[in-house]
Amino acid sequence: MVEPLVLGIETSCDETGIGIVRGYTLLADAVASSVDEHARFGGVVPEVASRAHLEAMVPTMHRALSDAGVALSDVDAIAVTAGPGLAGALLVGVAAAKGYALAADKPVYGVNHLAAHVAVDTLEHGPLPEPAVALLVSGGHSSLLLVDDLSRDVVPLGSTIDDAAGEAFDKVARLLGLPFPGGPPIDRAAREGDPDAIAFPRGLTAAKDLAAHRFDFSFSGLKTAVARWVEARQRAGEPVPVGDVAAAFQEAVCDVLTAKALDACRARGVDTLVIGGGVAANSRLRALATERAGRYGITVRVPRPKLCTDNGAMVAALGARLVAAGVAPSRLDLPADSAMPLTTVNV
Amino acid sequence: MLVLVLDTATPAITAAVASVTDTVEVLAERVTVDARAHGELLAPSIDAVLHEAGATPPDLAAVVAGLGPGPFTGLRVGLVTAAALADTLDIPAYGVGTLDALGWAATGRVAATGRVLVATDARRREIYWAVYEDGKRLAGPAVDRPAELTLDVEAAVGDGALRYADVLGVPVRDMPRYPPAAGLAALAAPRVREKAPSEQLVPLYLRRPDAVEPGAPKAVTR
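Residue numbers (the working numbering), protein chains in the order written: chain A, 1 to 347; chain B, 1001 to 1222.
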């Protein structure tokens, strides 16, 4: 099947996403988010997210089918995020996918959320040159992957050893009195600040760390360094320059992410870097990656922000690759796996 | 009329096909007890009971689902599955209290059973409970520590009653232990016969999500 019509369901965190694609073409991308319900807790509350998924599932499905102008009976397959993610949240999507698949007599593909973040770029930029290096950065993940074949073979190169990059944005935003999720307000505040105003640390970039952690990340020390700096100002009774702190913090994160991602491309002789995940919506990350990659003749592909954050279209996009490659569907007893390894593209 | 019956509010994963006419007859039923595999086992069970009943999804006239109360993650598996099936097949979904199905089995079919406490396991050393007499619910559903209940009942039934038999202080009967498909189907049968409007399947959570609003960030320097 060259251009399979695939419906994708995503519920790994706080977004209920249902997307529909035909081959590389996006037909619908319906998302219901419970982010506002989590804001006052300063982070995603798994049970709140799971309850919201159950409520949003059927209305979101109706919206996706209506936007795409197709019926469920038209689709060739249903793909669903089987992991990694919040266990209870994943299970709502997986169970829904099976219910829809049983009712409409369709095959179901349980897929990896991170591989789906890579696949979504094909909807914007077409087939992915393989091999490619993928940098996936979100509130729950920070990973570098070597993608030999999106439908079969994804190799982890490195990942964060502590906080995810998006988590660091959330925590620093809270220190600065900015709302949750922290990515967008820090991006905005940073535009008014000087990224060189404060020298924050770049985790795992010292020579001794590079030996064992060349492609790994660490953002916990950075977060603490920002907290110390802010507290010192507060103790001294001086105002905290929010723009400068945001800009210098953001620069430290983007510096390390892009340096390591491009190092991975050069080490593997790869000329395409794909960036995905919610943090890929950050304007400085996009600009810095493109600027630096240009020096090495590496092409950076970043989907538009709406496709970077969690959505069902990314799951459908990966499902379409699997169907097109003739990969066998999952069994009906397919489990949700909150810790699904990166090497598992589908189950 | 054929109806699909589901309940995932207890460690039992229940799927059945029942025929609802003037009477209610369960044609095929699968009950698998595994508190941690609702997500894996429900869909294959549905497939199996349909096959055993010689039916396909388009033959179904309604989906009946147990609304709990029950451990949230498993409960949602049943409800979202039921909602997806009903939505796609364009047939109504009807909710039935899971404890009500147990109460129906314990007191609704035989006269003068007296008042019976129905209890299922709520984890955290608590039970979901309700009291029935002659098939009618007199109290509950609620969630409490079993030792803290003072109830005027003749007996107790259900997985939760068996688990806490030593602290309940009333005779505990072995059966029914899990919500029977026959009870779920019987309690929805009037709506099935009347072709009542489809219902939104809202879980009986009885507990709020565990979440606390954070205080000010903790200082990292002293």
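Every residue gets a Cβ at the ideal spot worked out from N, C-alpha and C, and that includes glycine.
Paired residues, beta bridge with residue i - DSSP
i               : result
residue 1129(B) : 1119(B) and 1142(B)
residue 1137(B) : 1132(B)
residue 22(A)   : 5(A) and 25(A)
residue 215(A)  : In the DSSP output, where bridge partners are listed per residue, residue 215(A) has none listed.
residue 1018(B) : 1003(B) and 1026(B)
residue 176(A)  : None; residue 176(A) has no bridge partner.
residue 1095(B) : 1065(B)
residue 1013(B) : 1032(B)
residue 1157(B) : 1118(B)
residue 371(A)  : The structure shown does not extend to residue 371(A), since chain A is modelled only from 1 to 347, so the question has no answer here.
residue 33(A)   : 15(A)
residue 143(A)  : 136(A) and 159(A)
residue 10(A)   : 17(A)
Nonlocal neighbours in the same chain, by C-beta distance under 8 Å from residue i, ignoring five residues either side
i               : result
residue 394(A)  : This structure gives no information on residue 394(A), because the portion of chain A shown stretches from 1 to 347.
residue 194(A)  : 243, 244, 247 and 248
residue 1154(B) : 1113, 1114, 1115, 1116, 1170 and 1171
Contact under 8 Å by Cβ, residue i with residue j
i               : j               : result
residue 278(A)  : residue 139(A)  : yes
residue 302(A)  : residue 275(A)  : yes
residue 1016(B) : residue 1005(B) : yes
residue 1063(B) : residue 1085(B) : yes
residue 1221(B) : residue 231(A)  : yes
residue 76(A)   : residue 6(A)    : yes
residue 267(A)  : residue 1077(B) : no
residue 324(A)  : residue 4(A)    : yes
residue 174(A)  : residue 42(A)   : yes
residue 56(A)   : residue 87(A)   : no
residue 1066(B) : residue 1180(B) : no
residue 215(A)  : residue 157(A)  : yes
residue 118(A)  : residue 134(A)  : yes
residue 314(A)  : residue 116(A)  : yes
residue 1055(B) : residue 1002(B) : yes
residue 1008(B) : residue 1060(B) : no
Spatial distance of residue i from residue j (CA atoms)
i               : j               : result
residue 205(A)  : residue 196(A)  : 18 Å
residue 1117(B) : residue 317(A)  : 51 Å
residue 62(A)   : residue 14(A)   : 19 Å
residue 1183(B) : residue 112(A)  : 39 Å
residue 321(A)  : residue 327(A)  : 9 Å
residue 1079(B) : residue 105(A)  : 19 Å
residue 1058(B) : residue 1081(B) : 16 Å
residue 1158(B) : residue 1037(B) : 20 Å
residue 1219(B) : residue 227(A)  : 8 Å
residue 343(A)  : residue 144(A)  : 12 Å
residue 253(A)  : residue 217(A)  : 10 Å
residue 29(A)   : residue 1103(B) : 44 Å
residue 306(A)  : residue 8(A)    : 16 Å
residue 1049(B) : residue 1028(B) : 5 Å
residue 1213(B) : residue 1020(B) : 49 Å
residue 69(A)   : residue 83(A)   : 29 Å
residue 1137(B) : residue 1202(B) : 19 Å
residue 183(A)  : residue 170(A)  : 7 Å
residue 47(A)   : residue 1069(B) : 15 Å
residue 1105(B) : residue 1130(B) : 13 Å
residue 123(A)  : residue 109(A)  : 19 Å
residue 333(A)  : residue 1040(B) : 4 Å
residue 295(A)  : residue 262(A)  : 10 Å
residue 1073(B) : residue 335(A)  : 13 Å
residue 153(A)  : residue 229(A)  : 43 Å
residue 270(A)  : residue 260(A)  : 13 Å
residue 212(A)  : residue 319(A)  : 35 Å
Own chain residues within Cβ distance below 6 Å of residue i, not counting five before or after
i               : result
residue 45(A)   : 38
residue 1122(B) : 1128 and 1143
residue 72(A)   : 104
residue 1031(B) : 1012 and 1014
residue 300(A)  : 273, 289, 290 and 293
residue 233(A)  : 240
residue 258(A)  : 288, 289 and 292
residue 1146(B) : 1127, 1164, 1167 and 1168
Check: residue i C-beta below 7 Å from any heavy atom of the ligand FMN
i             : result
residue 25(A) : This structure does not include the ligand FMN; it has no bound ligands of any sort.
7 Å CB neighbourhood of residue i in its chain, flanking five on each side removed
i               : result
residue 1024(B) : 1018, 1182, 1185, 1186 and 1189
residue 1207(B) : 1143
residue 203(A)  : 217, 218, 219, 221, 222 and 256
residue 1177(B) : 1158, 1159 and 1162
residue 53(A)   : 11, 16, 89, 92 and 93
residue 1107(B) : 1113, 1116, 1132, 1133, 1134 and 1135
residue 178(A)  : 185, 186 and 189
Q) Which ranges does the alpha helix (DSSP H) cover as unbroken runs of at least 4 residues, wholly within the stretch 1037 to 1078 of chain B, from first to last along the chain? A) When DSSP assignments are scanned along the stretch 1037 to 1078 of chain B, the uninterrupted stretches of alpha helix (DSSP H) that are 4 or more residues long and fall wholly within it turn out to be 1038 to 1052.
(Q) Quick check for students: name the residue ranges of the beta strand (DSSP E) that lie wholly in the stretch 232 to 316 of chain A, counting only runs of 3 or more. (A) The stretch 232 to 316 of chain A is shown to contain whole beta strand (DSSP E) runs of 3 or more residues at 272 to 276 and 299 to 301, in chain order.
Q.
Just to confirm the assignment: which complete alpha helix (DSSP H) runs, minimum length 4, are found wholly within the stretch 60 to 135 of chain A?
A. When DSSP assignments are scanned along the stretch 60 to 135 of chain A, the uninterrupted stretches of alpha helix (DSSP H) that are 4 or more residues long and fall wholly within it turn out to be 87 to 104, 113 to 119 and 121 to 125.
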